[in-house]
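Step one of this worksheet: look at the structure below.
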Amino acid sequence: MSDSFLELRNLTKRFGDHLAVTDLCVTVPQGGVLALLGPSGSGKTTTLRLLAGFERPDMGEIIVDGRDVTGLSPAQRRFGMVFQHYALFPHLTVGENVAFGLARRDSRERRTARVDEMLALVDLTGFAHRKVTELSGGQQQRVAVARALAPEPRVLLLDEPLSNLDPGLRERTRVELRAALAKIGVTTVLVTHEQEEAFALGDRVAVLRGGRLEQVGPAHELYERPQTLFVATFVGRASEVPAMLHAPGQAQLAIGGEWAVETPHPVPVGSPVRVVVRPEALRFAEQGVRGTVVGRRYTGARAYFRVRVGEGITLEVEAPVHAAQIGQTVGVVAVRAHAFPEKA
Amino acid sequence: MTRRPRGVWLTLLLVWIVVYPLALVFLDSVRGDGGWTLRYVVEFATERREWSAMWASVWISVASVALAAAIGIPLGFVFERVNFPGRRVVGALVALPAVLPPLVGVIAFLFLYGESGFVARAVASLLNLDGAPWRLQGAGAILLVHAYSMYVYFYLFTRAGLARVDSSMIEAAHALGTGPLATLTRVTLPLIRPQLAAAALLTFMTSLGSFSAPYIFGGGFRVMTTQIVASKLNGDLGMAAVETAALAIVALVGLALLRRTQGTDLVAAVGKGTPPPARTLIRPLARWGAASVGWILGGVLLLPHFTLILVSFVPAGTWTTELFPPTYATVNYIALVTEPERLRPLLNSLWMAAVATLAAVGVAVWAGRLVVQRRVTLRGAIETLVNIPWAVPGTVLAIALATTFSVRAPWAGRWVLVGTFLILPLAYLVRNIPIAAGSILAGFRQLDPSLDEAASSLGAGRWRTLRTVTLPLLRAALLAGGALAFATALGDFVTSIVLYTFDTRPISIEILGALRQFDVGMAATYGVVLMLFSATAMAVGTRR
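Quick mapping for you: the protein sequence lines, in order, are chains Y and P. Letter by letter, the first sequence follows residues 0 to 343 of numbering that gives the first Met the number 0. Letter by letter, the second sequence follows residues 0 to 543 of numbering that gives the first Met the number 0.
Below, the structure is given as structure tokens:
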């Protein structure tokens with residue numbers, strides 16, 4: 000790829016017998032923001048630590064702007080990192096923290112100017128002489144971002160950047176962080192286990208599982224065209240139904256009934272599949288799969304209904320609040336569904 | 000990638016100065032001029048004197064633990080749980096025996112309770128006796144000194160444990176219908192068990208290695224440490240090696256047994272609340288009764304310190320039969336500063352302790368960096384190695400170093416250092432490593448490892464990270480560990496007596512010399528100077 004600025008080539012890291020990251024290949028264009036999304040143990044944090052240089056890969060290379068940086072120490076890499084718990088130096092002031100990474104040969108005036116510029120960027124003008132221990136969690140997070148950006152890193156790394164904030168503050172900080180990244184235009188890799196965060200901050204999202212890359216792409220692509228069963232169920236809400244592919248694009252459900260499905264990977268006709276369907280792609284109807292409404296969760300004008308359609312199988316249907324009552328027998332049809340080969 | 004595992008150099012260094020000398024002593028105990036021999040071992044095993052010295056070491060240590068616990072635990076409870084006038088001041092005074100280096104405490108006791116000490120003279124003049132009413136000698140005298148200097152461990156650890164016991168647990172016990180005594184035995188004591196076990200371990204190891212008290216007060220009563228030094232001074236090196244090995248084994252067995260009683264720290268796991276507030280005594284009688292008992296106790300505990308200061312103003316040869324010395328003058332202090340031969344031991348101790356402390360702090364920082372890092376294969380080994388010098392008595396280390404560094408064999412890592420100015424700083428260093436490492440490793444464990452990574456991702460190299468991030472954050476731990484190590488090295492007697500040379504004689508050896516010439520004033524003067532340096536070091540070390 001010609002437009003790749005940061006490239007991870009066949010990155011592999013093993014701890015003892017455990018493969019933390021396996022053969023990972025991803026690229027990020029100049030100024031792009033890549034979100035690594037996955038459950039705990041998926042290898043996303045290890046990937047970030049490999050990028051930062053805190054761990055050495057057993058195989059593979061990390062390329063920045065056409066140069067291999069795999070052998071460089073963290074200090075030589077010029078990557079900025081924002082740590083999950085910020086890792087601000089408690090014995091230094093806000094200003095001294097931000098100035099820590101600036102070249103020491105620069106004049107004092109230039110460094111002060113850069114610190115002020117960075118603090119202004121994160122909306123902390125005038126905080127330079129405060130102690131970091133006096134700051135709120137949100138302010139500390141912004142100092143951490145300012146400190147990482149001050150030395151003009153080639154790549155910015157963010158480890159769960161919002162996980163330590165209150166839910167109320169998280170939303171606002173996310174918007175501000177997004178704006179700051181866009182303004183600086185720095186190539187960024189961030190790690191998160193929250194889909195919402197990944198979708199809001201990353202212009203592309205890489206879904207990891209067990210150290211392997213499942214799928215990478217823009218958020219809407221992951222949501223609308225999942226390539227694997229894992230991505231289909233991990234990203235967004237979805238119900239799963241076992242089925243049999245009895246004709247191309249036609250699945251015979253184990254609970255009775257037949258749905259039209261898309262198959263991202265070719266599946267031989269007659270083989271068992273797992274059908275994944277999102278709540279907004281299901282409708283109540285006269286015909287369709289029969290089931291009983293067993294639960295309802297309000298989210299305002301719309302509600303999520305849980306419809307029990309078989310032994311241990313429940314569909315989640317998004318519909319207007321009064322579309323059905325608990326205990327009512329209903330029919331459900333799918334507007335759009337994906338089928339994936341059943342694991343052997 | 001095939002890389003040398005991290006921590007190899009530190010491991011090698013520690014093995015060379017800690018394990019290797021001990022191993023050589025063990026070897027020497029089964030080796031004579033003509034090769035391998037069990038002669039010394041057999042001699043040791045069949046000699047009654049040896050067995051009685053070993054037995055004395057063990058029972059004195061066990062009895063010291065019992066005595067120190069009997070004094071220290073109740074004191075800890077009283078000062079932590081009861082409020083009375085002067086509680087804070089007396090509570091601090093009670094910890095003061097800790098600032099007396101062992102030998103200084105022993106000579107203070109000698110001047111106070113010895114056969115020609117103040118108390119004996121007072122009793123004699125009251126009862127019109129001709130001679131001394133008692134002799135401060137034998138096991139009883141040793142136990143008295145041990146109880147005085149070691150109850151502090153139980154006192155401090157009990158207070159620290161009680162300060163962390165959540166009051167809601169005590170209240171829960173009361174709410175379940177448990178009386179005060181049952182609450183104490185079934186809730187409070189089990190909760191502070193780890194602290195009590197740690198104090199017991201510390202007391203046991205300290206008294207097993209205790210040398211000053213048995214040396215000065217033992218008379219014909221020998222414990223293993225004095226027995227070893229006697230064999231060494233008699234030139235019976237094979238026997239000294241067997242005795243050293245035997246004492247080391249007893250120390251390690253004791254350590255292992257006591258470690259097992261420690262249990263897990265339950266308070267840390269569940270306790271989050273605050274301890275119950277100290278109960279304020281309200282009735283005037285109880286209030287002032289407690290206060291006066293407290294002040295009298297504080298006075299008794301401070302008597303040795305006052306005695307030392309008083310005696311330090313006695314010119315040589317002026318105090319014979321009087322109850323109190325007739326003449327007081329500052330000649331001893333003036334001599335100490337103006338006579339080069341008097342000043343020399345002080346300067347020797349200062350520079351040797353300073354060098355040993357700096358080196359020990361350096362080793363501890365090196366170890367700390369490795370121990371907190373992920374995936375340093377040798378970190379378990381390093382943690383064990385830095386603690387070994389603490390687990391074996393000082394006499395054992397001194398004999399081990401004397402054995403190792405009295406032979407020139409560079410290919411085997413041995414040089415002749417005994418008799419040079421290097422051997423004492425080396426011995427102090429080995430003894431100081433666990434002392435410095437105790438607080439410095441704990442400091443490292445409290446550091447967020449990502450601070451280190453943050454510094455390196457911001458472009459700081461290893462040295463800059465250490466200088467601008469790690470060391471400033473560890474300041475309190477460095478000061479505490481360094482001060483304790485410095486004070487210990489400054490007052491060292493047990494290794495010095497085995498390894499000193501005339502030119503590098505430290506203060507403790509000079510105190511002994513002054514005592515031998517019956518110059519009690521000069522001995523006390525050195526003692527006061529040592530006490531002041533120790534107290535200053537402690538004050539600096541505990542400042543936050």
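Think of the CB as a built atom: it goes at the ideal place given N, C-alpha and C, for glycine as much as any other residue. No experiment lies behind these values; they were computed from the predicted model shown.
Using a C-beta cutoff of 7 Å, does Y/HIS90 count as contacting chain P?
Stepping through the first sequence from its first residue, residue 90 of chain Y is reached at position 91. Yes, its Cβ sits closer than 7 Å to a Cβ of chain P.
Along the chain, where does the beta strand (DSSP E) containing Y/LYS12 start, and where does it finish?
Here the question's residue 12 of chain Y lines up with position 13 in the first sequence. For Y/LYS12, the uninterrupted beta strand (DSSP E) segment begins and ends at 3 to 14.
Which chain Y residues are close to P/VAL42, counting only those with a beta carbon under 7 Å from its beta carbon?
The count along the second sequence starts at 1 and reaches residue 42 of chain P at position 43. In the sequence as displayed, the identity of residue 42 of chain P is Glu instead of Val. Within chain Y, no residue has its CB atom less than 7 Å from the CB of P/GLU42, the nearest being about 52 Å off.
Looking at chain P, is there any beta carbon in it that lies within less than 7 Å of the beta carbon of Y/LEU71?
Walking along the first sequence from the start, residue 71 of chain Y turns up at place 72. Not one chain P Cβ lies under 7 Å of Y/LEU71.
Do P/ALA399 and P/SER438 come within 7 Å of each other at the CB atom, strictly closer than that value?
Indexing the second sequence from 1 puts residue 438 of chain P at position 439. Indexing the second sequence from 1 puts residue 399 of chain P at position 400. Cβ distance not < 7 Å, so P/SER438 and P/ALA399 don't count as in contact.
Once DSSP output is grouped into helix, strand and coil, what is the label at Y/MET91?
As a position in the first sequence, residue 91 of chain Y is number 92, starting the count at 1. Position check: residue 91 of chain Y holds Leu in this sequence, whereas Met was assumed. Reduced to three states, the DSSP call for Y/LEU91 is coil.
Comparing the C-beta of Y/GLY40 with each C-beta of chain P, is any distance below 7 Å?
Residue mapping note: residue 40 of chain Y aligns to position 41 of the first sequence, counting from 1. So no, Y/GLY40 is outside the interface.
Quick one: does P/GLY458 have its CB under 7 Å from some CB of chain Y?
Start at 1 with the first residue of the second sequence, and residue 458 of chain P comes out as number 459. It does: the Cβ of P/GLY458 has a partner Cβ on chain Y nearer than 7 Å.
Scan the segment 131 to 156 of chain Y for residues whose Cβ lies nearer than 9 Å to a Cβ of chain P and list them as they occur along the chain.
Those would be ALA143, ARG146, ALA147, ALA149, PRO150, PRO152, LEU156, in chain order.
Using beta carbons (cut-off 7 Å, strictly below), is Y/ALA74 in contact with chain P?
Looking up residue 74 of chain Y in the first sequence gives position 75. So, interface residue.
Tell me the rounded alpha-carbon separation between P/PHE501 and P/GLY512.
Numbered from 1 along the second sequence, position 502 holds the residue referred to as residue 501 of chain P. Numbered from 1 along the second sequence, position 513 holds the residue referred to as residue 512 of chain P. Cα to Cα, P/PHE501 sits roughly 11 Å from P/GLY512.
Using the rule of at least 16 other Cβ atoms within 10 Å of the residue's Cβ for burial, across every protein chain shown, is P/ASP491 buried or exposed?
Stepping through the second sequence from its first residue, residue 491 of chain P is reached at position 492. Looking at its Cβ environment, which holds 16 or more other Cβ atoms inside 10 Å, P/ASP491 is buried.
So, at 7 Å on beta carbons, what are the nonlocal neighbours of P/ASP433 in its own chain, with the 5 sequence-adjacent residues on each side left out?
By one-based count along the second sequence, residue 433 of chain P stands at place 434. Asp is not the amino acid found at residue 433 of chain P; the sequence shown has Pro there. These residues qualify, in order along the chain: VAL385, ASN386, PRO388, TRP389.
Which residue marks the beginning of the alpha helix (DSSP H) containing P/ALA65, and which one marks its end?
For this step, residue 65 of chain P is matched to residue 66 along the second sequence. Counting along the chain, the alpha helix (DSSP H) containing P/ALA65 begins and ends at 47 to 80.
Does any CB atom of chain Y fall closer than 7 Å to the CB of P/THR1?
As a working note, residue 1 of chain P is residue 2 in the second sequence. At P/THR1 the pLDDT is 46, less than 50, meaning the model places this residue with poor confidence; the figure from the coordinates comes in the next sentence. No, because no Cβ of chain Y sits closer than 7 Å to the Cβ of P/THR1.
Taking the alpha-carbon positions, what's the P/SER348 to P/TYR427 distance?
Along the second sequence, one-based indexing puts residue 348 of chain P at 349. Along the second sequence, one-based indexing puts residue 427 of chain P at 428. Each residue's Cα considered, the two are about 10 Å apart.
What separation, rounded to the nearest whole angstrom, lies between the Cα atoms of P/LEU232 and P/VAL64?
Translated into the one-based positions of the second sequence, residue 232 of chain P becomes position 233. Translated into the one-based positions of the second sequence, residue 64 of chain P becomes position 65. One C-alpha to the other measures close to 30 Å.
Are P/GLU114 and P/ALA131 close, meaning C-beta to C-beta below 7 Å?
The count along the second sequence starts at 1 and reaches residue 114 of chain P at position 115. The count along the second sequence starts at 1 and reaches residue 131 of chain P at position 132. Going by C-beta atoms, P/GLU114 is nearer than 7 Å to P/ALA131.
Just how far apart, CA to CA, sit Y/LEU168 and Y/PHE53?
Here the question's residue 168 of chain Y lines up with position 169 in the first sequence. Here the question's residue 53 of chain Y lines up with position 54 in the first sequence. Cα-Cα distance, rounded: 30 Å.
Using DSSP with H/G/I as helix, E/B as strand and the rest coil, what is P/LEU555?
Nothing about residue 555 of chain P can be read from this structure; chain P reaches only from 0 to 543.
Output yes or no for whether 7 Å exceeds the beta carbon distance between P/ILE227 and P/THR36.
Stepping through the second sequence from its first residue, residue 227 of chain P is reached at position 228. Stepping through the second sequence from its first residue, residue 36 of chain P is reached at position 37. Going by C-beta atoms, P/ILE227 is not nearer than 7 Å to P/THR36.
Roughly how many angstroms separate the alpha carbons of Y/GLY65 and Y/HIS219, rounded to a whole number?
Looking up residue 65 of chain Y in the first sequence gives position 66. Looking up residue 219 of chain Y in the first sequence gives position 220. About 30 Å.
Per DSSP, what kind of secondary structure is P/GLY480 in: helix, strand or coil?
The residue you call residue 480 of chain P lines up with position 481 of the second sequence. In the structure shown, P/GLY480 sits in a helix (DSSP, three-state: H, G or I).
Residues of chain Y with CB under 9 Å from P/PRO471, in chain order?
For this step, residue 471 of chain P is matched to residue 472 along the second sequence. The answer, in chain order, is PHE88, HIS90, LEU91.
DSSP three-state call for Y/THR298: helix, strand or coil?
Reading the first sequence from its first residue, position 299 is the one you call residue 298 of chain Y. It is coil, neither helix nor strand.
In the DSSP assignment, what are the bridge partners of Y/LYS130?
The residue you call residue 130 of chain Y lines up with position 131 of the first sequence. Answer by DSSP bridge pairing, in chain order: Y/THR92.
Would you kindly work out how many angstroms separate the C-alpha atoms of Y/PHE339 and P/ASP447, rounded to a whole number?
Along the first sequence, one-based indexing puts residue 339 of chain Y at 340. Along the second sequence, one-based indexing puts residue 447 of chain P at 448. Rounded to the nearest angstrom, the two C-alpha atoms are 44 Å apart.
Within 6 Å: the Cβ of P/GLU114 and any heavy atom of the ligand NAP?
Looking for the ligand NAP in the displayed structure turns up nothing, as the structure carries no ligands at all.
Could you tell me how far apart the beta carbons of P/THR402 and P/ALA240 are, in whole angstroms, since I believe they sit closer than 8 Å?
Reading the second sequence from its first residue, position 403 is the one you call residue 402 of chain P. Reading the second sequence from its first residue, position 241 is the one you call residue 240 of chain P. Yes, P/THR402 and P/ALA240 are in contact; Cβ-Cβ is about 7 Å, under 8 Å.
Report yes if the C-beta distance between Y/ASN96 and Y/VAL142 is below 7 Å; otherwise report no.
In the first sequence, counting from the first residue as 1, residue 96 of chain Y sits at position 97. In the first sequence, counting from the first residue as 1, residue 142 of chain Y sits at position 143. Their beta carbons are under 7 Å apart, which means Y/ASN96 touches Y/VAL142 by this criterion.
Verify the CB distance criterion: does P/VAL330 have a CB-CB separation below 7 Å to chain Y?
The sequence position of residue 330 of chain P within the second sequence is 331, counting from 1. No, P/VAL330 does not count as interfacial toward chain Y.
Can you tell me which of P/ALA488, P/LEU280, P/PHE153 puts its alpha carbon nearest to the alpha carbon of P/LEU195?
Here residue 195 of chain P refers to the residue found at position 196 when the second sequence is read from its first residue. For the residues P/ALA488, P/LEU280, P/PHE153, the minimum Cα distance to P/LEU195 belongs to P/PHE153.
Taking the alpha helix (DSSP H) that P/PRO283 belongs to, which residues open and close that run?
Here residue 283 of chain P is taken as the residue at index 284 of the second sequence, counted from 1. Its alpha helix (DSSP H) spans residues 283 to 310.
Could you spell out where the alpha helix (DSSP H) holding P/VAL360 opens and where it closes?
Here residue 360 of chain P corresponds to residue number 361 of the second sequence, with the count starting at 1. It spans 339 to 370 - the alpha helix (DSSP H) in which P/VAL360 sits, taken as one unbroken run.
Closer than 7 Å, CB to CB, is P/LEU477 near chain Y or not?
Counting from one through the second sequence, the residue named residue 477 of chain P turns up at place 478. For P/LEU477, the answer is no, since every Cβ of chain Y falls outside 7 Å of its Cβ.
Could you pull the DSSP bridge partners for P/SER206 from this structure?
Residue mapping note: residue 206 of chain P aligns to position 207 of the second sequence, counting from 1. P/SER206 is bridged by DSSP to nothing; it lacks a bridge partner.
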